[in-house]
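Undergrad: Sending over a structure as structure tokens; questions will come in a sec.
In this note's numbering, the protein residues as written are 919 to 1064.
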């Protein structure tokens, strides 16, 4: 939902994930296309970081627990990816940790409001019904809320 709101094309989203050697076992996949962008621009890095950390933030809301993404195994890959992308934005490791934690807090607060949580719930309902959504199905679901 966050990637979509920030201008990405979500090509597909699915429960479960394709097995591959270079990614950890996961509960779902989301394929995001940012189009032609300058990957080294601060704005693009910020969009990617927010999109990556949105999953853990939404799961925190859903389960009602504020777990740290760096310490909770299912979210560690997300945290590590956001950590790598943010290196050029905040070089100091302590400052980078605080910046990423601020992103998670902002996402947690934002996703918990209407219509954001309704959009997340609508996508979850569609995924439970179909297990896979393509670009058109997801856009149809999100466009009502965003």
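Note that beta-carbon positions come from the ideal geometry of N, C-alpha and C, so glycine has one too.
According to DSSP, what are the bridge partners of residue 927?
TA: The sequence position of residue 927 within the chain shown is 9, counting from 1. Answer is 951.
Undergrad: Taking the straight line between their C-alpha atoms, what separation do you get for residue 1032 and residue 1002?
TA: The count along the chain shown starts at 1 and reaches residue 1032 at position 114. The count along the chain shown starts at 1 and reaches residue 1002 at position 84. If you take the alpha carbons of residue 1032 and residue 1002, they lie about 31 Å apart.
Undergrad: Between 1038, 981 and 932, which lies nearest to residue 950 when the distance is taken from Cα to Cα?
TA: Position 32 of the chain shown holds residue 950. Looking at the Cα atoms, 932 is the closest of the given residues.
Undergrad: Could you tell me the distance, in whole angstroms, from the CA atom of residue 959 to the CA atom of residue 967?
TA: Within the chain shown, numbered from 1, the residue matching residue 959 stands at position 41. Within the chain shown, numbered from 1, the residue matching residue 967 stands at position 49. Roughly 12 Å between the two C-alpha positions.
Undergrad: Would you list, in sequence order, the uninterrupted alpha helix (DSSP H) runs of no fewer than 4 residues that lie entirely inside the segment 943-998?
TA: Here the runs fully enclosed are 960-981.
Undergrad: Compute the beta-carbon to beta-carbon distance between residue 971 and residue 1025, rounded to the nearest angstrom, for a pair I have assumed lies under 8 Å.
TA: Within the chain shown, numbered from 1, the residue matching residue 971 stands at position 53. Within the chain shown, numbered from 1, the residue matching residue 1025 stands at position 107. Indeed they touch by this definition, with Cβ atoms about 6 Å apart.
Undergrad: Give me the residue from 1019, 1010, 927 and 1053 with the minimum Cα distance to residue 953.
TA: Against the chain shown, residue 953 aligns to sequence position 35. Comparing Cα-Cα distances from residue 953 to each of 1019, 1010, 927 and 1053, the minimum goes to 927.
Undergrad: Bridge partners for residue 1058 per DSSP, in chain order?
TA: In the chain shown, residue 1058 corresponds to position 140, counting from 1. Answer by DSSP bridge pairing: none, since residue 1058 is not bridged.
Undergrad: In whole angstroms, give me the CA-to-CA distance for residue 1058 and residue 1041.
TA: Translated into the one-based positions of the chain shown, residue 1058 becomes position 140. Translated into the one-based positions of the chain shown, residue 1041 becomes position 123. Taking the straight line from one Cα to the other gives about 10 Å.
Undergrad: Count the other C-beta atoms from every protein chain shown that fall within 10 angstroms of the C-beta of residue 987, then say buried if there are 16 or more, exposed otherwise.
TA: To locate residue 987, count along the chain shown from 1; it is residue 69. Per the 10 Å Cβ criterion, buried.
Undergrad: Which two residues bound the contiguous beta strand (DSSP E) that contains residue 1052?
TA: The residue labelled residue 1052 in the question sits at position 134 within the chain shown. It spans 1050-1052 - the beta strand (DSSP E) in which residue 1052 sits, taken as one unbroken run.
Undergrad: Could you tell me the alpha carbon to alpha carbon distance between residue 1035 and residue 1029, rounded to whole angstroms?
TA: Taking the first residue of the chain shown as 1, we reach residue 1035 at position 117. Taking the first residue of the chain shown as 1, we reach residue 1029 at position 111. Their Cα atoms are separated by approximately 5 Å.
Undergrad: Check whether the Cβ atoms of residue 1060 and residue 1037 sit closer than 8 Å, and answer yes or no.
TA: Mapped onto the chain shown, residue 1060 falls at position 142. Mapped onto the chain shown, residue 1037 falls at position 119. A contact, by the Cβ cut-off of 8 Å.
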